[in-house]
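Heads up: the structure comes next, in structure tokens.
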Amino acid sequence: NAGVTQTPKFRVLKTGQSMTLLCAQDMNHEYMYWYRQDPGMGLRLIHYSVGEGTTAKGEVPDGYNVSRLKKQNFLLGLESAAPSQTSVYFCASSQGQIPSNEQFFGPGTRLTVL
Amino acid sequence: ELKVEQNPLFLSMQEGKNYTIYCNYSTTSDRLYWYRQDPGKSLESLFVLLSNGAVKQEGRLMASLDTKARLSTLHITAAVHDLSATYFCAVPPRGNYQLIWGAGTKLIIKP
């Protein structure tokens, strides 16, 4: 099993450009999450999904959109990138069942917006 | 609003010493997670604590949860260099599947 994979691993954008980050999981997990990690701030939830075809906003959703057309994939889009979106982006997935609901993380995407 | 605070945020210690990292949270929750992150890497799950009084141990690391005090501890026994990493705790508000994360404790263990 590959677990959670993310593409691309690195990306440099110019302000105003758009891009999509892809997350895929092969664990048949119901829940998927997108986080951003900035120095000294831990992880902040951008958007999440509790099942195929559903998405919801997290703590910092502005400037991002997501889609979950297939259970195994969760896409994060930046329509018009800004320097404030320079960050490391992590995707995670979980079974979604209480009590554990342990989250498993992908390797991350390092995004720089110039 | 649930807030999660870790302390210390940075810890430099000698091999062979013991130390404890603390994780406090501000509202009711019945679960807590500890993760490890090596520089430039992803997050790896260490412990899932599911009830008040839960204690879990893996090698030189031991984690505990006191839901009444809203406190978890991660204790390091006889530290070794390989334990150098950043450690995060994360807490879901009661009945919620989202996680609120602490800022992380960067641990450096010197030979």
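Sequence lines, in order, name chains A and B. Heads up: the first sequence begins at 2 in the working numbering, then just goes up one per residue. Heads up: the second sequence begins at 1407 in the working numbering, then just goes up one per residue. Cβ atoms here follow ideal geometry from the backbone N, Cα and C, with glycine treated the same way. If you're wondering where the values come from, they're calculated on a predicted model, not measured in any experiment.
Report the neighbours of residue i on chain B: residues whose CB is nearer than 9 Å to its CB, in chain order.
| i | result |
| --- | --- |
| Tyr-49/A | Tyr-1503 and Gln-1504 |
Could you confirm whether any beta carbon from chain E is found closer than 7 Å to the beta carbon of residue i?
| i | result |
| --- | --- |
| Ala-1475/B | Going by chain labels, chain E is absent from the structure shown, which instead holds the protein chains A and B. |
Residues in its own chain within less than 6 Å of residue i by CB, not counting five upstream and five downstream?
| i | result |
| --- | --- |
| Glu-1411/B | Asn-1430 |
| Glu-1518/B | Lying outside 1407 to 1517, the shown extent of chain B, residue 1518/B is not represented and no answer is given. |
| Ile-1506/B | Leu-1408, Val-1410 and Val-1497 |
| Met-1468/B | His-1481 |
| Lys-1512/B | Phe-1416 and Thr-1492 |
| Leu-115/A | Lys-15 |
| Tyr-49/A | Tyr-34, Ala-57 and Gly-59 |
Within a Cβ cutoff of 8 Å, which residues of the same chain sit near residue i, ignoring the five residues on either side of it in sequence?
| i | result |
| --- | --- |
| Thr-1426/B | Thr-1479, Leu-1480, His-1481 and Ile-1482 |
| His-1487/B | Glu-1421, Ile-1515, Lys-1516 and Pro-1517 |
Against residue i, what residues of chain A qualify as contacts under a CB-to-CB distance less than 7 Å, listed in chain order?
| i | result |
| --- | --- |
| Gly-1510/B | Gly-43 |
Could you pull out every residue in the same chain whose Cβ sits closer than 7 Å to the Cβ of residue i, ignoring the five residues on either side in sequence?
| i | result |
| --- | --- |
| Asp-39/A | Ser-88 |
| Lys-72/A | Glu-53 |
| Ala-1509/B | Gln-1412 and Leu-1415 |
Find the residues of chain B that neighbour residue i, judging by a C-beta separation of less than 8 Å, and give them in chain order.
| i | result |
| --- | --- |
| Gly-97/A | Tyr-1503 |
| Gly-59/A | Gln-1504 |
| Phe-91/A | Ser-1448 and Leu-1449 |
| Glu-103/A | Tyr-1439, Ser-1451 and Val-1454 |
List, in chain order, every chain B residue whose beta-carbon is nearer than 7 Å to that of residue i.
| i | result |
| --- | --- |
| Gly-109/A | Ser-1448 |
| Phe-106/A | Ser-1448 and Leu-1449 |
Interface positions of the segment 1431-1461 of chain B facing chain A (Cβ-Cβ less than 9 Å), listed along the chain: Cβ contacts with chain A come from Asp-1436, Arg-1437, Tyr-1439, Tyr-1441, Gln-1443, Gly-1446, Lys-1447, Ser-1448, Leu-1449, Glu-1450, Ser-1451, Val-1454, Leu-1456 and Ser-1457.
Below 7 Å between beta carbons is the criterion; list the residues of the segment 1466-1500 of chain B that meet it against any residue of chain A, in chain order. The residues in question are Phe-1494.
Quick one: any contact between the segment 58-75 of chain A and the segment 1416-1426 of chain B, if contact means 3 or more CB pairs under 8 Å? no
Output needed in chain order: residues of the segment 25-49 of chain A with a Cβ under 9 Å from some Cβ in chain B. Cβ contacts with chain B: Tyr-32, Tyr-34, Tyr-36, Gln-38, Gly-41, Met-42, Gly-43, Leu-44, Arg-45, Leu-46 and Tyr-49.
Taking 8 Å as the threshold, find out whether the segment 1501-1510 of chain B comes into contact with the segment 1455-1474 of chain B through three or more Cβ pairs. Verdict: no, contact absent.
Determine which residues of the segment 2-27 of chain A have a Cβ less than 7 Å from any Cβ of chain B, and write them out in chain order. none
Across the segment 1469-1477 of chain B and the segment 80-88 of chain A, are there enough close Cβ pairs to call them in contact, namely three or more that are closer than 8 Å? no
Ordered list of alpha helix (DSSP H) runs contained in the segment 25-104 of chain A, each at least 4 residues: Qualifying alpha helix (DSSP H) stretches: none in this window.
Count the C-beta pairs between the segment 1490-1499 of chain B and the segment 29-37 of chain A that are closer than 8 Å, then say yes if the count reaches three, no if not. No, the segment 1490-1499 of chain B is not in contact with the segment 29-37 of chain A.
Quick check for students: name the residue ranges of the beta strand (DSSP E) that lie wholly in the segment 1427-1472 of chain B, counting only runs of 3 or more. List check, beta strand (DSSP E) in window: 1438-1443, 1449-1455, 1461-1464 and 1467-1472.
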